[in-house]
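Everything below concerns the one structure shown next.
Pasting the structure below:
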C-alpha cells in the first residue's frame with residue numbers, strides 16, 4: 019500500500035505541472051487533503067478491486083473504474099461548489115458584465131449537472147451506500163467572490179485542471195461506456211476553459227494558450243490522478259480529507 | 002507506439018470508410034440532388050450548396066470514400082480530417098485582408114495546432130500516411146470562405162465541432178492502448194478549445210445548445226444532429242433541481258461515427 023502524503027508537494031514534476039496549469043501561486047498552508055504523489059507508482063495499474071469507502075478514518079476514492087468515477091465526482095463537486103458561490107455572490111451582478119455573467123451561469127449549470135450525473139452513476143453501481151463519496155466541504159480562504167480577476171483566475175485553474183484530469187484519467191477506464199461519458203464531459207470542460215481564458219484576455223491566443231497546449235505537438239495537458247490531486251490539494255480549498263491510494 | 006493497435010482501433014465494425022477514393026465529389030453532389038436536396042441548398046443563406054451529407058447516408062453512393070474495413074485507411078481518415086483543417090486555416094491566413102487584428106491572432110494559434118496534429122499523425126503513420134488530398138473549400142464555387150469572414154468562421158465552426166465529435170467517436174476504439182488513447186484525448190480537448198473560441202467569435206455560446214446549428218445553413222444540420230441528447234447513462238439531465246433543461250445537452254458533447262465524419266469531410270475533397 020502506498021504511503022499517503024499529506025504535508026507537502028512531494029514531486030517536483032507534479033509541482034511544475036501544477037504551476038503550468040494553475041497560473042496562481044501555491045498556497046503556503048499545509049495540505050488538508052491527502053494524495054499519493056510519490057513517483058514510485060508510475061506504470062502501476064489501478065487496484066480495480068478496491069471499492070471507494072472509508073479507510074483509517076478517511077474516505078478513499080478506490081481503484082478501477084469506480085475509483086476513476088469517484089475521482090471525477092470529487093472534481094465535479096469542487097467545480098460545482100465554486101460556481102454556485104460565484105453566481106450566488108452578493109455582487110455577482112455588478113462584478114461581472116453581461117457576457118461574463120452568462121458564461122459563469124452556464125458553467126454553474128453545467129458543473130452542477132456533471133456533479134449530479136456522477137452521483138447518480140456511482141450510486142447505480144455501488145453495492146452499499148457507504149461507497150459513495152460524501153458531499154465534500156470547501157473553503158476558499160481569502161478569495162473574494164466580488165473580485166473579478168480572482169474569480170476568473172480560479173475558474174481558469176479549475177477548468178484547466180479538469181481538462182488535464184480527464185485527459186489523464188481516460189487510460190485508466192476499462193469500460194468503453196464510461197470512457198465515452200468522460201469524453202463527453204472533457205470536451206465541454208475544454209470549451210469552458212477556452213471561454214474563461216478568452217474572457218480574461220480577449221482577442222489573444224490565450225483561449226488555447228501555449229501554457230496548456232504544447233506548441234510543438236498541439237497536444238493539451240494530461241495528468242495522472244495523483245498529479246491532479248496534489249495540485250488541487252495545493253489550492254487548499256477542499257476541507258474534507260480523503261485519500262486516493264488505489265489510483266495511479 | 003504500437004501503430005498496429007492504433008490503426009486497428011480506428012476500425013469501427015465496418016463503419017469507417019477508407020480513403021481509397023473510387024467515387025467522386027460530383028457523385029456526392031448528384032446524390033444530394035437525387036435525394037431532393039436542391040431546394041434546401043438553394044435556400045442556404047451562405048450559398049453552402051451541398052455543404053454536408055444528408056442524414057441518412059448511403060455509403061456506397063453518397064460518400065467520397067468507399068467503405069472498406071482496412072485499418073490503415075481508417076487511420077488515414079483521422080489524418081485527412083486534420084489535413085482539411087490545417088489547409089483551411091493556412092489558406093485563410095494567406096488570403097489577403099481576410100484575417101486581421103485579433104482574428105488573425107486567434108486563427109494563427111489554431112493553425113499552429115492543426116499543423117502539429119498533421120505532423121504527429123503523419124509521423125505515426127509513416128509510410129502509410131496518405132498524401133494531402135486536394136481540397137475545394139468553395140464546394141464547386143458555391144461558397145467563398147477566403148473572401149468572406151462570416152463564411153470562413155461558419156465553416157471553421159463546423160469543422161471544429163465535427164472534429165470534437167469525430168475524435169470522441171474513436172475514443173472507445175482506442176481503449177486497449179493507453180498511450181494512443183491519451184494522445185487522441187489530448188487532441189480532442191484542443192479541438193474543443195478551438196471550437197469554443199470560433200463559436201464565441203460568431204456570437205454563439207462556446208458550447209453546443211441542443212442540436213442548434215448556430216446560424217449555419219440547414220445543410221450543416223448533420224454536424225449537430227444528436228447533440229440534443231439529454232439522457233446520459235440513464236440519467237435524465239433535465240431532472241436536476243433548479244437547473245434549466247437546456248443546460249443538460251449543453252453539458253455533454255456527443256460523438257459521431259467515422260462514417261458521419263467521413264461524409265462531412267468528403268464534400269470538401271476533390272481528389
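Protein chains in written order, with the numbering used here: chain A, 19 to 266; chain B, 2 to 272.
From the three backbone atoms N, C-alpha and C, an ideal C-beta is built for every residue, glycine too.
All of these numbers come straight from a predicted model, not from anything done at the bench.
Counting of Cβ neighbours within 10 angstroms places residue 267 of chain B among the buried residues, the total reaching 16 or more. For residue 231 of chain A, the pairing in a beta bridge is given by DSSP as A:238. Apart from sequence neighbours up to five positions away, the residues of its chain that approach residue 175 of chain B with a beta-carbon distance below 6 Å are 10, 181, 182 and 185, ordered along the chain. As DSSP reads the structure, residue 236 of chain B sits in a beta bridge with B:233. Taking a cut-off of 8 Å on C-beta distances, the stretch 153-170 of chain A touches the stretch 94-101 of chain A, as three or more cross pairs fall below it. Against chain A, a Cβ distance below 7 Å from residue 244 of chain B picks out 127, 130 and 131. For residue 76 of chain A, the uninterrupted beta strand (DSSP E) run begins and ends at 76-78, by DSSP. Listed in chain order, the beta strand (DSSP E) runs fully inside the stretch 110-155 of chain B amount to none, counting runs of at least 3 residues. In terms of Cα proximity to residue 241 of chain A, the closest of B:116, B:224 and B:179 is B:179. About 7 Å separates the CB atoms of residue 205 of chain A and residue 169 of chain B; that is less than 8 Å, so the two are in contact. In this structure, residue 165 of chain B and residue 193 of chain B form a Cβ contact; the two beta carbons are roughly 5 Å apart against a cut-off of 8 Å. Secondary structure at residue 180 of chain A: helix, using DSSP grouped into helix, strand and coil. Counting along the chain, residue 73 of chain A sits inside the beta strand (DSSP E) bounded by residues 71-73.
Looking at the backbone, the Cα of residue 231 of chain A and that of residue 245 of chain A are separated by about 18 Å. Of the other Cβ atoms in all chains shown, fewer than 16 fall within 10 Å of the Cβ of residue 72 of chain A; this residue is therefore exposed. With respect to the C-alpha of residue 239 of chain B, the residue from A:127, A:67, A:243 and A:261 having the closest C-alpha is A:127. Less than 8 Å separates the beta-carbon of residue 140 of chain A from that of residue 91 of chain A. What residue 254 of chain B touches in chain A, judged by beta-carbon distance under 7 Å, is 202, 205 and 206, going in chain order. With a contact defined as Cβ atoms closer than 8 Å, residue 263 of chain B and residue 78 of chain B qualify at about 6 Å.
Residues are counted here when their Cβ sits less than 7 Å from a Cβ of chain B; for the stretch 231-249 of chain A these are 231, 233, 234, 235, 236, 237, 238 and 240, given in chain order.
In this structure residue 117 of chain A is exposed. Its beta-carbon is surrounded by fewer than 16 other beta-carbon atoms within 10 angstroms.
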